[in-house]
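Undergrad: Here the sequence shown stands for residues 52 to 467, where the numbers follow our numbering.
All C-beta atoms in this analysis are idealised placements derived from N, C-alpha and C, irrespective of residue type, glycine included.
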Amino acid sequence: MVAVFGFAWWLGLYLLARDVTKPALRRAGIGLLGYAMALATAGTTDHPLLAAVHAVFLSLPSVFWTGVLIAGRAEAAWRWGVLPGSLVLAAASPFVGAWSTVVVVLPLFWALGLFLRHGGRPRLVALLMFGLAVSLVLLSFLSGEARTLLLAGIGVDLVLLGGSVAVLDAFDEGEAIRRDMLWSLLVAGGTAVLFGSQVALAAWLVDRPLDLLAYGVVGAAIAMQVLARPINALADRFAFRDAPDLRRERDELREVAAALPRRAEVPLSEFDETEFVRLTRRALSHYGDLGKLASSPLTSLPVIAARLAERGVPDAPLARATELKALLLETITRLKPADGEFGTSEEWRHYNALFFYYVVGVRPYSVRTKVTELDPVARRALAWFADHVPERTLHNWQAAAAKIVATELRLTSAWP
């Protein structure tokens, strides 16, 4: 059971570490961590309060996988209704009866319907999420050996579920996933064995059960490996709080080092026009993140190697990411009309949609946008977007502009 816990704990942390800002990765990761904690607390259900804690952990996969399934639709209903309501019902189950946990399954039918209705892909992920969540709720009505077998057997489906979510995200990012996952699993597994074996030896020598300690040590060992980058970044914030440039450089180096195993080793010539446009738009969305740009297949553009050689810059991953960023900016700048710094006519829409959104960082539909940090031109653009451009229209402009940028990149690289 400790091995199943360790795998679920690693996979949940791995999904969070890929990009915690993405709702699908974040919610799938939390669901897996909840399953791992349900395994760890399975033997502590004698007391009602401990049983309530275990029931909450047990409900986390179904609740958060519901959030994955809705894929941004009915977000408010899930966040303010399904999420708190399901957790409260799960916590009350030891006191009012296990049947209350059945209610946790009901939002899954709603979420699955939304997912399939809007053409969610792949449907295998939806079925896995649904089947696993229902199995977790069924555990509330089982006991003894049958419950233990079902609880441990869910780990097989977790491989498919977590792997599917990670592979889909890697596909959207144009990244490879196999080597990155394998490296993380090997290092996390080796660290867990190193720590966990000591607990197992101690339990054998003193002839006392140390199950909770074993779960804690294995979980901490895996967390230290998978979350090494954010832990180092947090330490940098305190140790180098008076050196922001040093922190930024260290962050960039860590991000680039982590991105290298995820870089797809597929020749750009094998990508058709549609795929190349998708990769271009993905690179534009990561304009301010050198770590993400370093994993983009576009760093293999022939023009990038030629530009580095012309300037005498060593051909390194960070240099390629920086050069790709500069190339994107140059291409975007060529879309700018010649009549001023900002305009709202038809000919300005492609430039505005890319430059102010990706390069400047204007987010007209987000309350987190800090107006005080924008220059006067960017403030004008922000006001115009917010008052006159619907969000869907902006997305359409960005898609059209990305096609133009992709065409420019292909022509610059003398690539048919």
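With a 10 Å radius around its C-beta and 16 neighbouring C-beta atoms as the bar for buried, classify D231 as buried or exposed.
TA: Start at 1 with the first residue of the sequence shown, and residue 231 comes out as number 180. Buried is the call here.
Undergrad: In or out: A239 buried (at least 16 other Cβ within 10 Å) or exposed?
TA: Looking up residue 239 in the sequence shown gives position 188. Buried, because 16 or more other Cβ atoms sit within 10 Å of the Cβ of A239.
Undergrad: Identify which residue in A87, L352 and A127 has its Cα closest to the Cα of T463.
TA: Position 412 of the sequence shown, counted from the first residue, corresponds to residue 463. Taking only the C-alpha atoms, the option nearest T463 is L352.
Undergrad: Rank L460, Q449 and L90 by C-alpha distance to the C-alpha of V55 and give the top, closest one.
TA: Within the sequence shown, the letter at position 4 stands for residue 55. With distances taken between Cα atoms, V55 lies closest to L90.
Undergrad: Grab the span of the alpha helix (DSSP H) containing L285 for me, first residue to last.
TA: The residue given as residue 285 occupies position 234 in the sequence shown. Element bounds for L285: A279 to A290.
Undergrad: For L344 versus K376, is the C-beta distance shorter than 9 Å?
TA: Translated into positions along the sequence shown, residue 344 becomes position 293. Translated into positions along the sequence shown, residue 376 becomes position 325. Yes, they are a contact pair.
Undergrad: Suppose you measure from the CA of R443 to the CA of R414; what does that come to, to the nearest Å?
TA: Against the sequence shown, residue 443 aligns to sequence position 392. Against the sequence shown, residue 414 aligns to sequence position 363. If I take the Cα positions, the gap works out to 14 Å.
Undergrad: How many whole angstroms separate the CB atoms of S336 and A310, which I take to be in contact at a CB cut-off of 8 Å?
TA: As a first step, residue 336 is located in the sequence shown; it is residue number 285 there, counting from the start. As a first step, residue 310 is located in the sequence shown; it is residue number 259 there, counting from the start. That belief does not hold up - the Cβ atoms of S336 and A310 are roughly 15 Å apart, past 8 Å.
Undergrad: So, using beta-carbon positions, are V411 and A432 closer together than 9 Å?
TA: Here residue 411 corresponds to residue number 360 of the sequence shown, with the count starting at 1. Here residue 432 corresponds to residue number 381 of the sequence shown, with the count starting at 1. For V411 and A432, yes; Cβs fall inside 9 Å.
Undergrad: Would you identify the three-state DSSP class for R385, choosing helix, strand or coil?
TA: Walking along the sequence shown from the start, residue 385 turns up at place 334. Three-state result, R385: coil.
Undergrad: What is the rounded straight-line gap between the Cα of A142 and the Cα of V104?
TA: Numbered from its first residue, the sequence shown carries residue 142 at position 91. Numbered from its first residue, the sequence shown carries residue 104 at position 53. The alpha-carbon atoms of A142 and V104 are separated by roughly 7 Å.
Undergrad: Within 8 Å, do at least three Cβ pairs link the segment 321 to 334 to the segment 299 to 313?
TA: Not touching, per the Cβ criterion.
Undergrad: Per DSSP, which residues does R474 bridge with? Please list them.
TA: It is not possible to answer for residue 474, since the shown part of the chain is limited to 52 through 467.
Undergrad: Would the beta-carbon of E374 fall within 9 Å of that of L359?
TA: The count along the sequence shown starts at 1 and reaches residue 374 at position 323. The count along the sequence shown starts at 1 and reaches residue 359 at position 308. The answer is yes: Cβ separation under 9 Å.
Undergrad: Using the C-alpha atoms, what's the distance from G394 back to A404?
TA: What you label residue 404 is simply residue 353 of the sequence shown in a count that begins at 1. What you label residue 394 is simply residue 343 of the sequence shown in a count that begins at 1. Their Cα atoms are separated by approximately 12 Å.
Undergrad: Compute the Euclidean distance between the alpha carbons of L84 and A274, then round it to the nearest angstrom.
TA: Position 33 of the sequence shown, counted from the start, is the residue given in the question as residue 84. Position 223 of the sequence shown, counted from the start, is the residue given in the question as residue 274. Answer to the nearest angstrom: the Cα atoms are 11 Å apart.
Undergrad: Please classify W399 as buried or exposed, where buried requires at least 16 neighbouring CB atoms within 10 angstroms.
TA: Reading the sequence shown from its first residue, position 348 is the one you call residue 399. Per the 10 Å Cβ criterion, buried.
Undergrad: Do A272 and L245 come within 9 Å of each other at the CB atom, strictly closer than that value?
TA: The residue given as residue 245 occupies position 194 in the sequence shown. The residue given as residue 272 occupies position 221 in the sequence shown. Yes, Cβ-Cβ distance for L245 and A272 is below 9 Å.
Undergrad: Look at V216 and L66 and say whether their C-beta atoms are less than 9 Å apart.
TA: For the purposes of this step, residue 216 is identified with residue 165 of the sequence shown, where counting begins at 1. For the purposes of this step, residue 66 is identified with residue 15 of the sequence shown, where counting begins at 1. In this structure, L66 lies closer than 9 Å to V216 by Cβ.
Undergrad: Quick check: is any heavy atom of the ligand GTP less than 8 Å from the C-beta of T325?
TA: Inclusion of the ligand GTP in the displayed structure is not the case, the ligand content being empty and no account of it being possible.
Undergrad: So D438 is in the alpha helix (DSSP H); what residue range does that whole segment cover?
TA: Counting from 1 along the sequence shown, the entry for residue 438 is found at position 387. Unbroken alpha helix (DSSP H) run through D438: P427 to H439.
Undergrad: Spatial neighbours of Y338 within its chain, please: CB distance less than 7 Å, with the 5 preceding and 5 following residues excluded, ordered by chain position.
TA: Locating residue 338 in the sequence shown gives position 287, counting from the first residue. So the qualifying residues of the chain are K376, L379, Y409 and V410.
Undergrad: How close, in whole Å, do the beta carbons of V269 and G247 come, if the pair is a contact with beta carbons under 8 Å?
TA: By one-based count along the sequence shown, residue 269 stands at place 218. By one-based count along the sequence shown, residue 247 stands at place 196. Confirmed, Cβ separation roughly 5 Å.
Undergrad: Helix, strand or coil, according to DSSP, for K454 in the structure here?
TA: The residue you call residue 454 lines up with position 403 of the sequence shown. Three-state DSSP puts K454 in a helix.
Undergrad: For the putative contact between T117 and P158, defined by C-beta atoms under 8 Å, what is the C-beta separation to the nearest angstrom?
TA: Locating residue 117 in the sequence shown gives position 66, counting from the first residue. Locating residue 158 in the sequence shown gives position 107, counting from the first residue. Going by Cβ atoms, the distance from T117 to P158 rounds to 5 Å, so yes, they are a contact pair.
Undergrad: Go through its chain and collect everything with a Cβ distance to F328's Cβ below 7 Å, but skip five positions before and after it.
TA: Taking the first residue of the sequence shown as position 1, residue 328 is located at position 277. Contrary to the premise, residue 328 reads as Val rather than Phe in this sequence. Contacts found: A453, K454 and A457.
Undergrad: Taking the beta carbon of S417 as the centre, do at least 16 other beta carbons fall within 10 Å, making it buried, or is it exposed?
TA: As a working mapping, residue 417 is identified with position 366 in the sequence shown. When all chains shown are included, S417 counts as exposed.
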